[in-house]
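In our numbering, the protein residues as written are 1 to 284.
The C-beta atom is built at its ideal place from N, Cα and C for all residues, glycine as well.
Treat the numbers as computed from the prediction; the structure is a model and nothing was measured.
These notes concern the structure reproduced below.
Rendered as C-alpha coordinates:
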(Lines of atoms letter the chains of each structure in order from A; the text may use other names.)
(Lines give C-alpha, C1' and ligand atoms only; values in the text may rest on other atoms or scores of the structure.)
Protein backbone atom coordinates (compact mmCIF):
# COMPACT_ATOMS: atom_id res chain seq x y z
CA UNK A 1 0.00 0.00 0.00
CA UNK A 2 1.32 3.44 -0.90
CA UNK A 3 1.38 6.06 1.83
CA UNK A 4 1.88 9.00 -0.50
CA UNK A 5 0.64 9.79 -3.99
CA UNK A 6 2.36 12.28 -6.28
CA UNK A 7 0.43 13.84 -9.17
CA UNK A 8 1.94 15.87 -12.02
CA UNK A 9 -0.42 18.15 -13.97
CA UNK A 10 1.40 19.12 -17.12
CA UNK A 11 1.26 19.88 -20.81
CA UNK A 12 3.79 21.44 -23.15
CA UNK A 13 1.17 23.96 -24.33
CA UNK A 14 -0.17 26.85 -22.27
CA UNK A 15 -3.75 28.05 -22.13
CA UNK A 16 -5.35 24.65 -21.48
CA UNK A 17 -6.39 25.32 -17.87
CA UNK A 18 -3.48 23.52 -16.25
CA UNK A 19 -2.97 25.93 -13.35
CA UNK A 20 -6.66 26.39 -12.54
CA UNK A 21 -7.16 22.62 -12.56
CA UNK A 22 -4.13 22.22 -10.27
CA UNK A 23 -5.43 24.79 -7.78
CA UNK A 24 -9.01 23.50 -7.75
CA UNK A 25 -8.05 19.84 -7.51
CA UNK A 26 -5.82 20.75 -4.56
CA UNK A 27 -8.72 22.47 -2.81
CA UNK A 28 -11.16 19.65 -3.55
CA UNK A 29 -8.93 16.85 -2.23
CA UNK A 30 -7.79 18.84 0.81
CA UNK A 31 -11.24 20.02 1.89
CA UNK A 32 -13.76 17.56 0.47
CA UNK A 33 -11.61 14.44 1.04
CA UNK A 34 -9.81 15.70 4.18
CA UNK A 35 -6.32 14.91 2.90
CA UNK A 36 -3.10 16.83 3.54
CA UNK A 37 -2.18 18.22 0.14
CA UNK A 38 1.02 19.89 -0.96
CA UNK A 39 0.83 22.02 -4.12
CA UNK A 40 4.16 22.63 -5.85
CA UNK A 41 3.98 25.37 -8.46
CA UNK A 42 6.94 24.93 -10.80
CA UNK A 43 5.82 27.68 -13.20
CA UNK A 44 7.46 31.10 -13.03
CA UNK A 45 4.07 32.83 -13.25
CA UNK A 46 3.00 31.15 -10.01
CA UNK A 47 -0.67 31.11 -11.04
CA UNK A 48 -1.81 27.99 -9.19
CA UNK A 49 -0.05 28.86 -5.93
CA UNK A 50 -1.51 32.37 -6.12
CA UNK A 51 -5.03 30.99 -6.59
CA UNK A 52 -4.65 28.62 -3.64
CA UNK A 53 -3.31 31.40 -1.39
CA UNK A 54 -6.59 33.29 -1.85
CA UNK A 55 -8.43 30.40 -0.15
CA UNK A 56 -6.15 29.12 2.64
CA UNK A 57 -6.94 25.91 4.49
CA UNK A 58 -5.18 23.90 7.21
CA UNK A 59 -4.86 20.87 4.90
CA UNK A 60 -3.13 22.83 2.12
CA UNK A 61 0.52 23.77 1.87
CA UNK A 62 1.47 25.72 -1.22
CA UNK A 63 5.00 26.25 -2.56
CA UNK A 64 6.30 28.28 -5.49
CA UNK A 65 9.41 26.72 -6.96
CA UNK A 66 10.15 28.27 -10.35
CA UNK A 67 12.82 26.30 -12.18
CA UNK A 68 15.91 27.69 -13.87
CA UNK A 69 16.57 25.97 -17.20
CA UNK A 70 20.11 25.50 -18.43
CA UNK A 71 20.73 23.86 -21.78
CA UNK A 72 22.57 20.53 -21.68
CA UNK A 73 22.66 20.60 -17.89
CA UNK A 74 21.30 18.21 -15.27
CA UNK A 75 20.91 21.06 -12.79
CA UNK A 76 17.21 21.63 -13.52
CA UNK A 77 16.44 17.95 -12.99
CA UNK A 78 18.27 17.92 -9.65
CA UNK A 79 16.52 21.11 -8.58
CA UNK A 80 13.08 19.75 -9.51
CA UNK A 81 13.67 16.43 -7.72
CA UNK A 82 14.95 18.19 -4.60
CA UNK A 83 11.88 20.46 -4.48
CA UNK A 84 9.55 17.51 -4.97
CA UNK A 85 11.23 15.53 -2.20
CA UNK A 86 11.32 18.49 0.20
CA UNK A 87 7.78 19.78 -0.29
CA UNK A 88 6.03 16.40 -0.44
CA UNK A 89 7.61 15.04 2.75
CA UNK A 90 4.63 15.65 5.05
CA UNK A 91 1.75 15.43 2.58
CA UNK A 92 -0.68 12.61 1.86
CA UNK A 93 -0.98 13.82 -1.73
CA UNK A 94 1.33 16.10 -3.69
CA UNK A 95 0.12 17.97 -6.78
CA UNK A 96 2.77 19.55 -9.02
CA UNK A 97 1.87 22.17 -11.62
CA UNK A 98 4.39 22.32 -14.47
CA UNK A 99 4.33 23.62 -18.02
CA UNK A 100 6.43 20.94 -19.65
CA UNK A 101 9.62 21.99 -21.36
CA UNK A 102 12.27 19.82 -22.92
CA UNK A 103 14.77 21.52 -20.65
CA UNK A 104 13.68 18.69 -18.34
CA UNK A 105 14.25 15.05 -19.28
CA UNK A 106 11.25 12.71 -19.45
CA UNK A 107 12.71 10.89 -16.45
CA UNK A 108 11.23 13.56 -14.18
CA UNK A 109 7.71 12.42 -15.06
CA UNK A 110 8.64 9.03 -13.70
CA UNK A 111 8.79 10.52 -10.19
CA UNK A 112 4.98 10.70 -10.14
CA UNK A 113 2.25 8.11 -9.64
CA UNK A 114 -0.34 9.92 -11.77
CA UNK A 115 0.10 12.18 -14.80
CA UNK A 116 -2.81 14.48 -15.65
CA UNK A 117 -2.54 16.13 -19.06
CA UNK A 118 -5.14 18.87 -19.68
CA UNK A 119 -6.11 19.34 -23.31
CA UNK A 120 -8.65 21.30 -25.28
CA UNK A 121 -10.95 19.46 -27.67
CA UNK A 122 -9.57 20.92 -30.90
CA UNK A 123 -8.10 18.46 -33.42
CA UNK A 124 -4.73 20.18 -33.33
CA UNK A 125 -4.57 20.10 -29.54
CA UNK A 126 -5.71 16.47 -29.40
CA UNK A 127 -2.95 15.47 -31.84
CA UNK A 128 -0.36 17.46 -29.87
CA UNK A 129 -1.44 15.85 -26.60
CA UNK A 130 -1.31 12.35 -28.10
CA UNK A 131 2.20 12.95 -29.47
CA UNK A 132 3.38 14.34 -26.12
CA UNK A 133 2.12 11.30 -24.17
CA UNK A 134 3.17 8.68 -26.71
CA UNK A 135 6.70 10.04 -26.99
CA UNK A 136 7.01 9.95 -23.20
CA UNK A 137 5.76 6.35 -23.02
CA UNK A 138 8.07 5.27 -25.84
CA UNK A 139 11.16 6.81 -24.28
CA UNK A 140 10.36 5.50 -20.79
CA UNK A 141 9.08 2.08 -21.84
CA UNK A 142 11.70 0.07 -20.02
CA UNK A 143 11.15 1.87 -16.70
CA UNK A 144 7.36 1.95 -17.04
CA UNK A 145 7.32 -1.86 -17.01
CA UNK A 146 8.09 -1.65 -13.31
CA UNK A 147 5.77 1.22 -12.39
CA UNK A 148 1.97 1.23 -12.57
CA UNK A 149 1.80 4.90 -13.40
CA UNK A 150 -1.63 6.22 -14.39
CA UNK A 151 -2.01 8.64 -17.29
CA UNK A 152 -5.17 10.75 -17.27
CA UNK A 153 -6.19 13.16 -20.02
CA UNK A 154 -8.31 16.03 -18.72
CA UNK A 155 -10.42 17.61 -21.49
CA UNK A 156 -10.57 21.27 -20.52
CA UNK A 157 -12.79 24.20 -21.52
CA UNK A 158 -15.12 21.92 -23.43
CA UNK A 159 -18.53 23.09 -24.64
CA UNK A 160 -21.23 20.87 -23.20
CA UNK A 161 -22.71 20.27 -26.67
CA UNK A 162 -19.38 18.77 -27.78
CA UNK A 163 -19.09 15.99 -25.20
CA UNK A 164 -19.59 13.25 -27.80
CA UNK A 165 -16.64 14.59 -29.77
CA UNK A 166 -14.10 13.92 -27.01
CA UNK A 167 -11.87 11.19 -28.40
CA UNK A 168 -8.17 10.51 -27.95
CA UNK A 169 -8.10 7.39 -30.12
CA UNK A 170 -4.30 7.45 -30.46
CA UNK A 171 -3.98 6.69 -26.73
CA UNK A 172 -6.37 3.75 -26.56
CA UNK A 173 -3.47 1.30 -26.95
CA UNK A 174 -2.03 2.36 -23.58
CA UNK A 175 -2.65 0.56 -20.33
CA UNK A 176 -3.47 2.57 -17.19
CA UNK A 177 -4.88 5.37 -19.36
CA UNK A 178 -8.22 7.12 -18.80
CA UNK A 179 -10.09 10.24 -19.86
CA UNK A 180 -11.32 12.38 -16.96
CA UNK A 181 -14.77 13.96 -16.92
CA UNK A 182 -14.36 17.16 -18.96
CA UNK A 183 -14.07 20.61 -17.43
CA UNK A 184 -16.77 22.73 -19.09
CA UNK A 185 -16.32 26.01 -20.86
CA UNK A 186 -18.53 28.35 -18.80
CA UNK A 187 -18.49 32.11 -19.28
CA UNK A 188 -18.37 32.93 -15.55
CA UNK A 189 -15.80 30.32 -14.59
CA UNK A 190 -12.73 32.58 -14.69
CA UNK A 191 -14.40 35.01 -12.29
CA UNK A 192 -15.35 32.23 -9.89
CA UNK A 193 -11.78 30.96 -9.59
CA UNK A 194 -10.84 34.22 -7.85
CA UNK A 195 -13.73 33.92 -5.37
CA UNK A 196 -13.44 30.34 -4.15
CA UNK A 197 -12.59 26.80 -5.19
CA UNK A 198 -14.91 25.68 -7.99
CA UNK A 199 -16.46 22.79 -6.08
CA UNK A 200 -18.08 25.11 -3.53
CA UNK A 201 -19.14 28.18 -5.57
CA UNK A 202 -22.82 29.13 -5.85
CA UNK A 203 -22.99 28.32 -9.58
CA UNK A 204 -24.34 24.74 -9.52
CA UNK A 205 -23.06 23.83 -12.99
CA UNK A 206 -19.50 24.81 -12.08
CA UNK A 207 -19.53 23.20 -8.63
CA UNK A 208 -21.05 19.90 -9.78
CA UNK A 209 -18.66 19.77 -12.73
CA UNK A 210 -15.66 20.14 -10.42
CA UNK A 211 -17.01 17.58 -7.94
CA UNK A 212 -17.41 15.04 -10.75
CA UNK A 213 -13.86 15.70 -11.94
CA UNK A 214 -12.42 15.62 -8.42
CA UNK A 215 -14.26 12.42 -7.46
CA UNK A 216 -12.94 10.70 -10.59
CA UNK A 217 -9.34 11.63 -9.84
CA UNK A 218 -9.71 10.69 -6.17
CA UNK A 219 -11.02 7.26 -7.17
CA UNK A 220 -7.80 6.77 -9.13
CA UNK A 221 -5.78 7.91 -6.11
CA UNK A 222 -7.59 5.42 -3.87
CA UNK A 223 -7.07 2.66 -6.41
CA UNK A 224 -3.34 3.34 -6.48
CA UNK A 225 -3.07 3.53 -2.70
CA UNK A 226 -4.73 0.14 -2.32
CA UNK A 227 -2.93 -1.53 -5.18
CA UNK A 228 -0.29 -4.05 -4.28
CA UNK A 229 2.59 -4.26 -6.73
CA UNK A 230 4.34 -7.62 -6.34
CA UNK A 231 7.77 -7.84 -7.92
CA UNK A 232 7.32 -10.90 -10.08
CA UNK A 233 8.76 -12.10 -13.34
CA UNK A 234 5.42 -11.39 -14.97
CA UNK A 235 5.52 -7.76 -13.85
CA UNK A 236 9.13 -7.31 -14.89
CA UNK A 237 8.31 -8.49 -18.39
CA UNK A 238 5.15 -6.41 -18.66
CA UNK A 239 5.06 -3.68 -21.29
CA UNK A 240 2.61 -0.80 -20.76
CA UNK A 241 1.49 -0.70 -24.38
CA UNK A 242 0.46 -3.26 -26.95
CA UNK A 243 3.70 -3.30 -28.88
CA UNK A 244 6.94 -5.20 -29.21
CA UNK A 245 9.78 -4.32 -26.90
CA UNK A 246 12.24 -1.68 -28.10
CA UNK A 247 15.42 -3.03 -29.70
CA UNK A 248 13.78 -6.47 -30.11
CA UNK A 249 14.71 -8.10 -33.43
CA UNK A 250 11.88 -9.42 -35.58
CA UNK A 251 13.14 -12.22 -37.86
CA UNK A 252 10.99 -12.54 -40.94
CA UNK A 253 13.20 -14.85 -43.02
CA UNK A 254 13.94 -18.52 -42.55
CA UNK A 255 15.75 -19.69 -39.45
CA UNK A 256 18.69 -20.70 -41.59
CA UNK A 257 19.70 -17.05 -42.01
CA UNK A 258 22.63 -15.96 -39.94
CA UNK A 259 22.18 -13.56 -37.05
CA UNK A 260 24.02 -10.93 -39.06
CA UNK A 261 21.59 -11.28 -41.96
CA UNK A 262 18.58 -11.11 -39.66
CA UNK A 263 19.83 -8.04 -37.76
CA UNK A 264 17.45 -5.09 -38.32
CA UNK A 265 18.77 -1.91 -39.89
CA UNK A 266 18.65 1.30 -37.82
CA UNK A 267 15.80 2.55 -40.02
CA UNK A 268 13.67 -0.58 -39.63
CA UNK A 269 14.45 -0.70 -35.92
CA UNK A 270 13.21 2.88 -35.47
CA UNK A 271 10.03 2.08 -37.39
CA UNK A 272 9.47 -0.96 -35.17
CA UNK A 273 9.99 0.99 -31.94
CA UNK A 274 7.41 3.58 -32.94
CA UNK A 275 5.03 1.14 -34.65
CA UNK A 276 2.39 1.67 -31.98
CA UNK A 277 2.16 5.40 -32.84
CA UNK A 278 -0.39 6.16 -35.59
CA UNK A 279 1.35 7.02 -38.85
CA UNK A 280 -0.07 10.54 -39.02
CA UNK A 281 1.43 11.28 -35.60
CA UNK A 282 4.75 9.63 -36.42
CA UNK A 283 5.52 12.39 -38.91
CA UNK A 284 6.37 14.87 -36.16
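query: Mark residue 184 as exposed unless 16 or more other C-beta atoms lie within 10 angstroms of its C-beta, in which case mark it buried.; result: buried
query: Please name the residue in 4, 76 and 93 whose C-alpha comes closest to that of residue 100.; result: 76
query: List the endpoints of the continuous beta strand (DSSP E) containing residue 158.; result: 150 to 158
query: Looking only at DSSP bridge pairs, what is residue 11 linked to?; result: 99
query: Would you give the residue range spanned by the alpha helix (DSSP H) that residue 142 belongs to?; result: 141 to 144
query: Counting only the same chain and skipping the five closest in sequence on each side, list residues whose C-beta sits under 7 Å from that of residue 22.; result: 9, 39, 48, 95 and 97
query: Between 215, 167 and 83, which lies nearest to residue 30 when the distance is taken from Cα to Cα?; result: 215
query: Looking at the C-beta of residue 87, does it have a partner C-beta in chain B at a distance below 8 Å?; result: Structure shown: chain B not included; a single protein chain is present.
query: Does residue 138 come out as helix, strand or coil in the three-state DSSP assignment?; result: helix
query: On a CA-only basis, which of 19, 16 and 28 is nearest residue 201? Give me that one, please.; result: 28
query: So is residue 42 buried or exposed if we call it buried at 16+ other beta carbons inside 10 Å?; result: buried
query: Could you pull out every residue in the same chain whose Cβ sits closer than 6 Å to the Cβ of residue 127, ignoring the five residues on either side in sequence?; result: none
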